[in-house]
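> This structure is in C-alpha cells; I'll ask about it shortly.
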Amino acid sequence: LFLATLTYDTLRFEYEDFPETKEPVWILGRKYSVFTEKEEILLDVTSRLWFTYRKNFPAIGGTGPTSDTGWGCMLRCGQMIFAQALVCRHLGRDWRWIKGKRQMDNYYNVLNAFIDKKDSYYSIHQIAQMGVGEGKSIGQWYGPNTVAQVLKKLATFDTWSSLAVHIAMDNTVVMEEIRKLCQSNVPCAGAAACPALESDVLYNGCPEDVGLRERLTLWKPLVLLIPLRLGLTEINEAYIETLK
1 LFLATLTYDT LRFEYEDFPE TKEPVWILGR KYSVFTEKEE ILLDVTSRLW
51 FTYRKNFPAI GGTGPTSDTG WGCMLRCGQM IFAQALVCRH LGRDWRWIKG
101 KRQMDNYYNV LNAFIDKKDS YYSIHQIAQM GVGEGKSIGQ WYGPNTVAQV
151 LKKLATFDTW SSLAVHIAMD NTVVMEEIRK LCQSNVPCAG AAACPALESD
201 VLYNGCPEDV GLRERLTLWK PLVLLIPLRL GLTEINEAYI ETLK
C-alpha cells in the first residue's frame, strides 16, 4: 500500500502547465475555472488513482509474467476506471487525497482491490486469468470491450462494493435493462462461482461489514461502460459537442 501511494508524488505539476483559457475546465463532472481554482484542479487531479506498468510482482498463475510492460496498458486503464468507481462508491466524488493526512480505512480498502497479487478483486492477476475465458491468453493485449467484459465478471465477486455493471453494446443504452440489473437481489448473477456469505469470510482482506446481506437486496450502484472509438489517432471533432 505504501508503494501504491508513492505514485501520487509524480503527479505534482506546476501551475504554468495549465493552459490559460476562459472556457471552464471539466474533470469527471466537476466544473472549474483555471483563473480562480487552480489549487482545486490540482487536488482533484492528484486524487485520481493512477495505475501503470509494473514489474517484479508475483508470477501470474504461478509461472506466468512478472511484469505487464508492453501488454498491460488496457488492463491498467480498466483498473483506473473501476478505481474511480470504487472511490465514488466508498469515499464520494468530493474526497481528496492530501499528502501527510491520514486517510479513511476505505481508501486503503480501495487500494487493496488493485494490488498486484492474485487475491485482490481487480488485480492484474485476476484480470489476466479471467481474460482466458474471453479468448485472451495471459500476456496478450486487450481491447476495450475485452477488459470491460472481464471487469464485469470480476465485479460479481466484489460483495464489498456490490456494483451492478452494464456494458452498452452497439453504443445503445437500454434503460429497462439497467433498472432490472440494479434492482437484482442476486449479487453473483452470471458468475461462475460465488463467495459464501459466512460471517468469518474475509472480503478483499477485510471482515464482512454489518448490514452486507441487507444491502445486497437494495438498489445497486451502477457502473455503465460504453466501449466505442471516437477517432483514429485523435478524437474526431464531430463528437466533441455531443460529449459535452
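Sequential numbering of the sequence shown, starting at 1, is according to the UniProt record's numbering.
Just so it is clear, CB atoms sit at the ideal spot from N, CA and C, and this is done for glycine as well.
Just checking my contact of G143 with M80 at CB under 8 angstroms: how many whole Å lie between their CB atoms?
16 angstroms between Cβ atoms; not a contact.
> What would DSSP say about N236, mapped onto helix, strand or coil?
The DSSP-derived three-state label of N236 is coil.
> Can you give me the Cβ contacts of K31 inside the same chain, cut-off strictly under 7 angstroms, excluding the 5 residues immediately before and after it?
P24
> Do the CB positions of Y53 and T66 come within less than 7 angstroms of each other?
No, the Cβ-Cβ distance between Y53 and T66 is not below 7 angstroms.
> To the nearest angstrom, how far is it from the Cα of T21 to the Cα of S33?
9 angstroms
> Since I believe I138 is in contact with G29 (beta carbons under 8 angstroms), could you give me their beta-carbon distance rounded to a whole number of angstroms?
G29 to I138, Cβ: 35 angstroms. No contact.
> What residue ranges within the stretch 95 to 129 form continuous alpha helix (DSSP H) runs of no fewer than 4 residues, ordered along the chain?
Listed in chain order, they are 105 to 112.
> Answer with buried or exposed for I240, where buried requires no fewer than 16 other C-beta atoms within 10 angstroms of its C-beta.
Label assigned to I240: exposed.
> What is the DSSP secondary structure of K180, counted as helix, strand or coil?
helix
> Taking the Cβ atom as the reference point for each residue, do G78 and V147 lie within a distance shorter than 7 angstroms?
yes
> Are three or more beta carbon pairs between the stretch 35 to 45 and the stretch 113 to 130 nearer than 8 angstroms?
At 8 angstroms Cβ cutoff, the stretches do not touch.
> Mind reading off the beta-carbon distance from Q183 to I167? Whole number of angstroms is fine, and I expect it under 8 angstroms.
That belief does not hold up - the Cβ atoms of Q183 and I167 are roughly 18 angstroms apart, past 8 angstroms.
> From the DSSP output, read off the bridge partner residues of A59.
DSSP output for A59 lists no bridge partner at all.
> For L181 and S47, I'd like the C-alpha separation in whole angstroms.
Roughly 30 angstroms between the two C-alpha positions.
> Enumerate in chain order the residues of its own chain whose CB-to-CB distance from L228 is below 7 angstroms, with the five nearest sequence positions on each side excluded.
N171
> Excluding the 5 residues flanking L151 on each side, which residues of the same chain have their C-beta closer than 6 angstroms to its C-beta?
If we look at L151 and ignore the five residues flanking it on each side, its Cβ neighbours are G78, F82.
> Per DSSP, which residues does W26 bridge with? Please list them.
K31
> Indicate whether F230 and N236 have their beta-carbon atoms separated by less than 7 angstroms.
Contrary to the premise, residue 230 reads as Leu rather than Phe in this sequence. Yes, Cβ-Cβ distance for L230 and N236 is below 7 angstroms.
> Excluding the 5 residues flanking Y203 on each side, which residues of the same chain have their C-beta closer than 6 angstroms to its C-beta?
Because the pLDDT at Y203 is just 42, under 50, the model does not fix this residue reliably, and the value given afterwards should be weighed accordingly. The answer, listed in chain order, is T159, W160.
> Could you check the C-alpha separation between S162 and T156 for me, to the nearest Å?
8 angstroms
> May I ask which residues mark the beginning and end of the beta strand (DSSP E) holding V223?
222 to 225
> Taking the alpha-carbon of F51 as reference, which of E134, K220, R179, Y122 has the nearest alpha-carbon?
Y122
> Under 8 angstroms by Cβ, that's how I've got L225 and V165 pegged, so tell me the actual separation to the nearest angstrom.
7 angstroms
> Using alpha carbons as the reference points, say which of W71, N109, A59, K101 lies closest to L86.
N109
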